[in-house]
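Here's the structure, in structure tokens; my notes come after.
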Amino acid sequence: MSPSVSRAEKPLPVVGLIRGDGVGPEIAQATVRAVEAAGAHLRWEPLLAGAEAAEKRGDPLPVETLARLRQLPAALKGPLTTPVGGGWRSVNVTLRQELELYANVRPARSFAGVPAPVGGVDMVIVRENTEDLYAGIEHYVDLRRSAAEAVMIVTRAGSERVLRYAFAYARRHSRKRVTLLHKANILKKTSGLFLEVGREVAARHPEIEFRDMIIDAACMNMVMRPGQFDVVVTTNLFGDIVSDLAAGLVGGLGLAPGANIGERGALFEAVHGTAPDIAGRGIANPTALMLAASMMLAHLRQGAAARRLDGAVRAVLAEGRTVTPDLGGSATTEEYADAVIRRMAKGRRRGA
Ligand SMILES: NC(=O)c1ccc[n+]([C@@H]2O[C@H](COP(=O)([O-])OP(=O)(O)OC[C@H]3O[C@@H](n4cnc5c(N)ncnc54)[C@H](O)[C@@H]3O)[C@@H](O)[C@H]2O)c1
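Note that our numbering has the sequence shown beginning at 388, numbered continuously upward.
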């Protein structure tokens, strides 16, 4: 396309929308409204997955949804139910593996006005998203179920691609330090391989400070001195746990966005689950999904709309007048979305 073609004439990028289960449809509706008000340049394509798909199609991840996700540049996804102990395998994990979304990026930055155990947090956790114990290779050792065992898989190629992504992310976002979290003192081969590859990749990035830390010490340090963490990179299970810890440091799961990035596609979501205890009441906090949508806009190179949305969410939270019950307020999901939208309109009028 010639550079003289204006933005208005460019075809709209098509973005998948999985509304999700539980509070998913409520927070997805609020987020879609906010994304549109941010001036995003895209067209939504609703896709079926989760409990609704299991009921209607007998499959929580229908083949046509997966096929479409393979074609689209990005998708926004509400939380999906995973039955505990039986039922279907996690759709979230299947999506990450099928689409090879190998890097799970979870930023945690303190919010003005939101009560949190510590301040000054500004870290981004990059979690390897396809290997480790999540490879799903586990079995009982006998028919009596006297023991069960699982296989932890760490490959050189899988480690290298996520570590390269973490360093590239640090460079792109002018971040100074990458900290690799591991347990190589005990898991000498698996966690040890991840650390070995980390050191190799770090050697190719002398401009970025690199250090490694044992996962248990890292958990304590994150609580006591969170300011020392900038970009953090780790294997799947440690990343899962430590990113919830980081979410807790900035005010809770209702505020934590995540991106699943691959070579050909990307899936943006809230870190939290379907919140069945409050589903259908219209009081879920849509912040995490809104911030995930902001990350998606940045990924689609719509930086202005991304910043507008992120800024409005942070401003409404800082004001503290229109917040949902999880943050001590009495606003509904829709009232909160209205406040975010009003804030963006105000910002645009000021900018005009
Ligand atoms: N990415 C995903 O799709 C994802 C992630 C985690 C859990 N899950 C699934 O979600 C289901 C429920 O899991 P869970 O109960 O362990 O975790 P959860 O995150 O759904 O809920 C934990 C607590 O946080 C609260 N909460 C979560 N999101 C909130 C929001 N937006 N606003 C206000 N409060 C919120 C809930 O009310 C609940 O008290 C399970 O089936 C689980 O497998 C899905």
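Glycine is no exception: its CB is placed at the ideal position from the N, C-alpha and C atoms.
Could you tell me which residues DSSP pairs with residue i in its beta bridges?
i, result
"residue 653", "648"
"residue 599", "567"
"residue 431", "402"
"residue 494", "511"
"residue 525", "537"
Using the Cβ count rule (16 or more neighbours within 10 Å means buried), how would you classify residue i?
i, result
"residue 399", "exposed"
"residue 515", "buried"
"residue 627", "buried"
"residue 691", "exposed"
"residue 390", "Per-residue confidence for residue 390 stands at a pLDDT of 46, beneath the threshold of 50, marking its modelled position as unreliable; no derived number is given."
"residue 543", "exposed"
"residue 656", "buried"
"residue 672", "buried"
"residue 528", "exposed"
"residue 523", "exposed"
"residue 561", "exposed"
"residue 644", "buried"
Can you find a heavy atom of ligand 1 that lies under 7 Å from the Cβ of residue i?
i, result
"residue 469", "yes"
"residue 672", "yes"
"residue 697", "no"
"residue 654", "no"
"residue 716", "no"
"residue 713", "yes"
"residue 643", "no"
"residue 479", "yes"
"residue 660", "yes"
"residue 627", "no"
"residue 463", "no"
"residue 414", "yes"
Contact defined as beta carbons within less than 8 Å: I believe residue i pairs with residue j. What is the distance between those atoms, to the nearest angstrom?
i, j, result
"residue 581", "residue 569", "6 Å"
"residue 418", "residue 435", "Not quite, the Cβ-Cβ distance comes to about 18 Å (not below 8 Å), so this is no contact."
"residue 537", "residue 525", "4 Å"
"residue 553", "residue 620", "4 Å"
"residue 483", "residue 647", "5 Å"
Segment contact, 8 Å Cβ cut-off, at least three pairs: the segment 406 to 426 with the segment 455 to 467: With the cut-off at 8 Å, the segment 406 to 426 and the segment 455 to 467 touch.
Does the count of Cβ pairs from the segment 680 to 697 and the segment 621 to 640 closer than 8 Å reach three? As far as the Cβ criterion goes, the segment 680 to 697 does not touch the segment 621 to 640, which means the pair count is below three.
Measuring CB atoms only, is the segment 695 to 703 touching the segment 717 to 735, in the sense that at least three cross pairs come out at less than 8 Å? They touch, by the three-pair rule.
How do the segment 497 to 504 and the segment 659 to 670 stand: do at least 3 beta-carbon pairs fall below 8 Å, yes or no? No, the segment 497 to 504 is not in contact with the segment 659 to 670.
Quick check: the segment 471 to 490 against the segment 434 to 449, are at least 3 beta-carbon pairs closer than 8 Å? Contact between the segment 434 to 449 and the segment 471 to 490 is present, because at least three Cβ pairs lie under 8 Å.
Three or more C-beta pairs below 8 Å linking the segment 593 to 601 and the segment 552 to 562: Counting C-beta pairs closer than 8 Å gives three or more between the segment 593 to 601 and the segment 552 to 562, which meets the contact rule.
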